[in-house]
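Worksheet: one structure, shown below.
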Amino acid sequence: MPLALTFAMPSARAAEALLLEEYTALEPKSNEVVVEFLAAPVNPLDLMVLAGQYPIKPNFQVNGKYVGGFDGVGRVLARGGDVTSLAPGDLVIPNTLGLGTWRTHATFLANDLIAIPAISDVSFAAILKTSVLTAYFLLEDMRQLKPGDWIIQNAGLSTISQMVVQIAHLRGVKVISVIRDRAPEDIWDTEADIVLNESDLPDAQVLKDKRILLGLDSVFGQSAEKIASCLSSHGTFVNYGQLSDGGPTSCVKVPHQQFFWNRLSFRSFRGSEQAAMRSDSEMEDLYRWFVELYADGRVKMPKVNLVSWSGDQDSLAANIQEAITRQQNAAIGAKKSIFIYPSTTKLSQCKIPYVDPETAPSNVAAALKMMPMKRHIFYLLSHSPGIFPSIMGVYSAFFQKTTRTLPLLDWQLIVLRIASSLECQYEWDVNAPVARVHGMSEGVMEAVRACQKIILGEDKSNHTGVFSWRQLVILKFVDEQLATYTNEEDTMTQLLHVLTYTELVEAIFVIGFYVMIARLIKAVGIDPDEDIVGLEDMIKAGVN
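The numbers in full-length UniProt numbering rise by one with no breaks, and the one at position 394 of the sequence shown is 394.
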């Protein structure tokens, strides 16, 4: 049965007000979709909603009670007949507030959701809207900044603050993150250029002569006043939250000097208003860019506390209550909690869908259906119907000794070295069984991975007790090709002593082809293949 985290009435004691209960999921109407949630964060905004301190209320109820959670990521399981914008399998995040993401399944209007690209980490997808997008809007919309400018922000260990730091650095902007006093240095897990305690403000020597043009405040009260006091003339102060306990009637004092003489600007921020200024296609482009930044390693996931919705219901309810209580008490350095829901479907690591033989061009469909080995790489390569037959012809030529002069184990040695050097696990997993079936020992395969540098000579680091001289020369040749696309004169001399001209040309072609395949895999991602029944017999019959 689906589960939901609900509350009947707002309460300052959020953990005690929440109830974990079962419910019946609704079938989609013609303009609706059924969504299986994968992950959802516990944000300060959610706690404000639970306390009745946020102007927007939850839009959905289960068993007559409100469902908590404004952010998260899910997967479309089914759609109504009139829905064309979303399809089963699509990853989606809320396109509006109040959807109630603290549940395992839900039925929504298709327009309430926006699709995002495939991503391997659902926890990062779950914070795209209220953390990553918020950080981007704060930097993009609140103040024009140039490389060399500085930002100062409080709540420096929060998820939004950490995303501000990373996105600011992409623009050449530097960041001062302010944390509460007594925070131990071992939790200062931030890439901010400067980290200060609140008590250091505004007189810290390190702030002198810095062009601090944007102050970001999510705490309010005295903390906000200290942020404003650090701004340079014509700076901009932005409030986007209230982590302090002052409530809606609390104040921030603005001295006349800041307002008149320093010409500071004071602004409030709501992410929903900034999003409303952009079209759906612009928002889709933003989310696509965020996912690309994460996939490329240019931004990383802040450290969070993952709470799995697994186990018996009583234990799960206790774990949830503990997480909500911990976050509501806001202990120094407390990490954001993210609910991870059990999924009935597997999340793809591939950024593009695999080709469906049922809808592919006839020649591609026929080729895919004839293949005895159903491997994901073929369903990626077949996205190019014009090139696909030729690529498969190259694969076939490598597989057969009637068309390949290079010995099979030399071919596999080269491929495994490429897979190891380029950290392409999928390419290793596909080829290691071929090498193993045709006699390559586990010792040699382990040494291919373990040996960092090949030196042509008697050297234990070469694993000389494992590799033959021919293998050492081939591995040295591969390493130089991967590093510089050429070879040292001595390496080529040694190579021509162990390979014929034909074998040399084929070896160079093998490197080029399998590096290309590895680049495709690394660029778009790929999922491990399912176990292939009878794989060893297929290799013996089809590869020689």
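Beta carbons: idealized from backbone N, C-alpha and C, even for Gly.
Problem set entry | Closest by C-alpha distance to Ser-343, when choosing among Ser-30, Lys-453, Leu-38, Ala-12 | Checking every option, the nearest Cα to that of Ser-343 belongs to Leu-38.
Exercise. Between the Cα of residue 554 and the Cα atoms of Ala-8, Pro-94, Pro-302, which residue gives the shortest distance?
Worked result: No answer is possible for residue 554: it lies beyond the span of the chain, which begins at 1 and ends at 544.
Problem set entry | Lys-174 - containing beta strand (DSSP E), residue span | Per DSSP, the continuous beta strand (DSSP E) segment holding Lys-174 begins and ends at 174-179.
For this session: Evaluate Met-370 with the Cβ neighbour count: other Cβ atoms within 10 Å of its Cβ, from every protein chain shown; 16 or more gives buried, anything less gives exposed.
Result: By the Cβ-count criterion, Met-370 is exposed, with fewer than 16 other Cβ atoms from all chains shown falling within 10 Å of its own Cβ.
Problem set entry | His-256 classed as buried or exposed, judged by whether at least 16 other C-beta atoms fall within 10 angstroms | By the neighbour-count rule (16 or more Cβ atoms within 10 Å), His-256 is not buried but exposed.
For this session: Kindly give me the distance between the Cβ atoms of Pro-58 and Gly-74, rounded to whole angstroms, as I take these residues to be in contact under 8 angstroms.
Result: Incorrect: roughly 16 angstroms between the Cβ atoms, too far for contact.
Problem set entry | C-alpha distance - Pro-202 paired with Ile-152, whole-angstrom precision | Their backbone Cα atoms lie some 11 angstroms apart in a straight line.
For this session: Measure the C-alpha to C-alpha separation of Ser-233 and Ile-212 and round it to an integer number of angstroms.
Result: The straight-line gap from Cα to Cα measures roughly 9 angstroms.
Exercise. Taking buried to mean at least 16 other C-beta atoms within 10 Å of its own C-beta, is Met-134 buried or exposed?
Worked result: The question names Met, but residue 134 is Thr in the sequence shown. Thr-134 is buried by the Cβ-count criterion.
Exercise. Which of the three DSSP states, helix, strand or coil, is assigned to Thr-484?
Worked result: Three-state result, Thr-484: helix.
Exercise. Taking C-alpha atoms, which residue in Thr-405, Lys-540, Asp-149 lies nearest to His-438?
Worked result: Out of Thr-405, Lys-540, Asp-149, Lys-540 has the C-alpha closest to the C-alpha of His-438.
For this session: Just mark Trp-261 as buried or exposed, buried being the case when its beta carbon has 16 or more other beta carbons within 10 Å.
Result: Counting Cβ neighbours within 10 Å, Trp-261 comes out exposed, since fewer than 16 surround it.
Exercise. Which residues in the same chain as Gln-412 place their Cβ atom closer than 8 angstroms to its Cβ, once the five residues preceding and following it in sequence are excluded?
Worked result: Closer than 8 angstroms at the Cβ level, and outside the excluded window around Gln-412, lie Asn-431, Val-434, Ala-435, His-438, Met-440.
For this session: Identify whether Tyr-23 lies in helix, strand or coil by the three-state DSSP scheme.
Result: In the structure shown, Tyr-23 falls within a coil segment according to DSSP collapsed to helix, strand and coil.
Exercise. How big is the Cα-Cα spacing for Glu-27 and Ala-367?
Worked result: Each residue's alpha carbon lies about 38 angstroms from the other.
Exercise. When burial is assigned at 16 or more other CB atoms within 10 Å of the CB, is Tyr-66 buried or exposed?
Worked result: So Tyr-66 ends up on the buried side.
For this session: Measuring alpha carbon to alpha carbon, tell me which of Leu-91, Ser-272, Thr-84 ends up nearest Leu-77.
Result: Closest by alpha carbon: Leu-91.
Exercise. Nearest to Val-34 by alpha carbon, out of Leu-482, Ala-106, Leu-214, Thr-24?
Worked result: Looking from the CA of Val-34, the closest CA among Leu-482, Ala-106, Leu-214, Thr-24 belongs to Ala-106.
Problem set entry | Inter-residue Cα distance where the pair is Val-254 and Phe-266 | Approximately 9 angstroms, taken between the alpha carbons.
For this session: Could you tell me whether the segment 515-535 touches the segment 370-383, where touching means 3 or more Cβ pairs closer than 8 angstroms?
Result: The segment 370-383 and the segment 515-535 touch, with three or more beta-carbon pairs separated by less than 8 angstroms.
For this session: Run the CB neighbour count on Gly-525, radius 10 Å, all protein chains shown included, and call it buried at 16 or more, exposed below.
Result: Taking every protein chain shown into account, the CB of Gly-525 has 16 or more other CB atoms within 10 angstroms, so this residue is buried.
For this session: Starting from Glu-536, follow the alpha helix (DSSP H) in both directions and report where the run begins and ends.
Result: Taken as a continuous stretch (DSSP letters only), the alpha helix (DSSP H) holding Glu-536 covers 535-542.
Exercise. According to DSSP, what are the bridge partners of Ala-40?
Worked result: According to DSSP, Ala-40 bridges with Phe-339.
Exercise. What is the DSSP secondary structure of Ile-388, reduced to helix, strand or coil?
Worked result: Per the sequence presented here, residue 388 reads as Phe, with Ile not at that position. Of the three classes helix, strand and coil, the one that applies to Phe-388 here is helix, per DSSP.
For this session: Compare the C-alpha of Phe-339 against each of Asp-71, Phe-378, Glu-16, Asp-529 and name the closest.
Result: Nearest C-alpha to Phe-339 among Asp-71, Phe-378, Glu-16, Asp-529: Asp-71.
Exercise. Does DSSP put His-105 in a helix, in a strand, or in coil?
Worked result: Judged by DSSP in its simplified three-state form, His-105 adopts strand.
Exercise. If you check the beta carbons only, do Val-498 and Ile-414 fall under 7 angstroms apart?
Worked result: Result no, Cβ atoms of Val-498 and Ile-414 do not sit closer than 7 angstroms.
Problem set entry | Option nearest Leu-20 by Cα separation, candidates Asn-319, Gln-166, Ala-523 | If you compare the alpha carbons of Asn-319, Gln-166, Ala-523 with that of Leu-20, the shortest gap goes to Asn-319.
Exercise. Which residues in the same chain as Thr-96 place their Cβ atom closer than 6 angstroms to its Cβ, once the five residues preceding and following it in sequence are excluded?
Worked result: The residues are Asp-112.
For this session: Consult DSSP for Ser-468 and reduce its assignment to one of helix, strand or coil.
Result: Here Ser-468 sits in coil by DSSP.
For this session: Using beta-carbon positions only, say whether Leu-18 and Thr-104 come within less than 7 angstroms of one another.
Result: Contact flag unset, no.
Exercise. Does the beta-carbon distance from Phe-399 to Val-543 come in below 7 angstroms?
Worked result: Yes. Within cutoff.
Exercise. What number of angstroms, rounded off, separates the C-alpha of Val-364 from the C-alpha of Pro-389?
Worked result: Looking at the two C-alpha atoms, the distance is approximately 8 angstroms.
Problem set entry | Buried/exposed call for Lys-460, threshold 16 Cβ in 10 Å | Model confidence at Lys-460 stands at a pLDDT of 48, short of 50, so the residue's coordinates are unreliable; what they give is reported in the following sentence. By the 10 Å Cβ count, Lys-460 comes out exposed.
Problem set entry | Coarse secondary structure for Ser-461, derived from DSSP in three states | The predicted position of Ser-461 is uncertain, since its pLDDT is 49 and thus under 50; no value can be drawn from it.
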